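So the sequence shown is residues 2 to 317, counted in this note's numbering.
Below is one structure, written out as structure tokens, with a few remarks after it.
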Amino acid sequence: MLDSKFITFKPIAQVDSWDRTEEVPTGSREKLTVIEPETGKHYIFKYPKEDREHQLWSELLASFIAGDLLGWDVQTTTIGQFEGRYGNLLGYVFEPGSKTASQELFTEGWSLCTQVDPDFDVDKGTRHTLPLLLRVCDEVLVPDYGITRTEFLDFWSRALALDMLISNTDRHAENWAIVTGPGGSRMSALYDNGSSLGCGIDQVGLSRAFDEKGQLKKAHLNQQRRNGRHHLRAAEPNKRGGFFEDVSKKFLSIYPDGRHWFESAGAIEITAVCHLMDSISVNSGIEEPYFLSEKRRQHIYNMLNIGVERIKNTLY
2 MLDSKFITFK PIAQVDSWDR TEEVPTGSRE KLTVIEPETG KHYIFKYPKE
52 DREHQLWSEL LASFIAGDLL GWDVQTTTIG QFEGRYGNLL GYVFEPGSKT
102 ASQELFTEGW SLCTQVDPDF DVDKGTRHTL PLLLRVCDEV LVPDYGITRT
152 EFLDFWSRAL ALDMLISNTD RHAENWAIVT GPGGSRMSAL YDNGSSLGCG
202 IDQVGLSRAF DEKGQLKKAH LNQQRRNGRH HLRAAEPNKR GGFFEDVSKK
252 FLSIYPDGRH WFESAGAIEI TAVCHLMDSI SVNSGIEEPY FLSEKRRQHI
302 YNMLNIGVER IKNTLY
């Protein structure tokens, strides 16, 4: 039996009868906001992208890794079904307000970026850079919200370490935020971590990645090592995000106190993730195209090993 504070995958939540709100979450993936009848808790129900059905599991595994294995603040994730389609049921990372709790304000990163850079384009992301983040911290968060520089940089230490570990390519400015409530402001939990762990490789691509002996091809793994890019740019605006190691090395040159977060991520117990994947494969009851096959599990295992290599290359 899975003992987790951050994820579940069985029983699958049937959300057809749940209340829906008019709020439309941001982002490119198809989604809706639903309310659990028994608890009144708000969730985002998010479908995986077409031909990326295994985002269902990369999102779940990311929350398990960050929350249960590393002890970091991360969005809760489970599996749901709406009108026959599977998706991730993602817990709100802020309090939307109820009879017993005051409403909190959720401010996404792009809104903060535009305050210091009027030319910031959230769709293109070319100006999403480390220097811009520092300006957001010093010119907006510290004076206007009372979030300290250490709190901000510790958040980004965790975000960059997790993203490098799981090869998350989508930490754009809609995928980080601050939360403001009666007690003040804070950096949000990590959320929207699903564009990771090789989920962009479809079934055909996955089959081609293996040789006739059922082993992952070295050429494929080397390509994954070479191609890993974060959404952030290390320095100047650029059409493409920076390589994971380059962005993180630049960040740690600015904030060396963040090393311990990277060290924790680099020491992750990958076997615990393997045990979880085996359990999902046997017990989830979810079949293709979502099924967590042996080849998919092997690929995720290798992606995590590549992530650990990147962290070690960054630190040492």
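Virtual Cβ for every residue (Gly too), placed ideally from N, Cα, C.
What you are looking at is a predicted structure, and each value in this text was computed from that prediction instead of being measured.
Alpha carbon to alpha carbon, how far is residue j from residue i? Give it in angstroms, no decimals.
i	j	result
Gly377	Ser18	The structure shown does not extend to residue 377, since the chain is modelled only from 2 to 317, so the question has no answer here.
Arg86	Phe46	11 Å
Arg405	Gly185	Within the shown structure, residues of the chain are numbered from 2 to 317, placing residue 405 beyond reach of any answer.
Ile255	Phe245	16 Å
Leu113	Glu140	10 Å
Asp247	Asn239	14 Å
Leu90	Ala14	8 Å
Gln224	Leu71	28 Å
Glu96	Gln104	6 Å
Phe292	Pro183	43 Å
Lys218	Glu23	47 Å
Phe107	His261	28 Å
Arg21	Ser99	15 Å
His43	Thr101	14 Å
Asn314	Arg234	19 Å
Gly110	Met188	10 Å
Gly201	Leu207	10 Å
His221	Arg209	9 Å
Ala63	Gly195	7 Å
Thr127	Gln216	38 Å
Glu175	Lys50	17 Å
Asp203	Leu57	13 Å
Val94	Arg226	32 Å
Asp4	Gly308	25 Å
Asp212	Tyr302	17 Å
Gly259	Lys214	42 Å
Asp279	Glu237	43 Å
Val75	Leu191	4 Å
Val283	Ser59	17 Å
Let me check one thing: in DSSP terms, what residues is residue i bridge-paired to?
i	result
Ser186	Thr181
Gly81	Ala14, Gly88
Tyr44	Val35, Gly92
Asp4	None; Asp4 has no bridge partner.
Val75	Leu191
On the three-state DSSP scale, how would you describe residue i?
i	result
Tyr93	coil
Val35	strand
Ile269	coil
Phe107	strand
Asp124	coil
Asp20	strand
Arg298	helix
Asp52	coil
Phe292	coil
Ala1	With the chain covering only 2 through 317, there is no way to say anything about residue 1.
Asp118	coil
Thr9	coil
Ser285	coil
| Pairing CB atoms from the segment 127 to 140 with CB atoms from the segment 149 to 157, are three or more of them under 8 Å? | Segments in contact, yes.
| said: For the segment 6 to 16 against the segment 275 to 294, do three or more pairs of beta-carbon atoms, one drawn from each stretch, fall closer than 8 Å, so that the two count as touching? | reply: The segment 6 to 16 makes contact with the segment 275 to 294, as at least three CB pairs between them are under 8 Å.
| said: With three or more C-beta pairs closer than 8 Å as the rule, is the segment 223 to 231 touching the segment 116 to 133? | reply: With the cut-off at 8 Å, the segment 116 to 133 and the segment 223 to 231 do not touch.
| task | For the segment 159 to 174 and the segment 31 to 39, state whether three or more C-beta atom pairs, one from each stretch, are separated by less than 8 Å. | result | No, they do not touch.
| Given 8 Å as the limit, is there contact between the segment 140 to 149 and the segment 50 to 69, that is, 3 or more CB pairs closer than that? | Contact between the segment 140 to 149 and the segment 50 to 69 is absent, because fewer than three Cβ pairs lie under 8 Å.
| Segments of 3+ residues assigned as beta strand (DSSP E) that fall wholly inside the segment 183 to 262 | Correct list: 185 to 188.
| task | Could you tell me whether the segment 259 to 278 touches the segment 157 to 166, using the rule of 3 or more Cβ pairs below 8 Å? | result | They touch, by the three-pair rule.
| said: Taking contact to mean 3 or more Cβ pairs, one atom from each stretch, closer than 8 Å, check whether the segment 269 to 276 and the segment 288 to 303 are in contact. | reply: As far as the Cβ criterion goes, the segment 269 to 276 touches the segment 288 to 303, which means the pair count is three or higher.
| task | Just list the beta strand (DSSP E) runs in the segment 126 to 183, keeping only unbroken ones of 3 residues or longer that don't cross its boundaries, in chain order. | result | The beta strand (DSSP E) runs of length 3 or more contained entirely in the segment 126 to 183 are, from start to end of the chain, 178 to 182.
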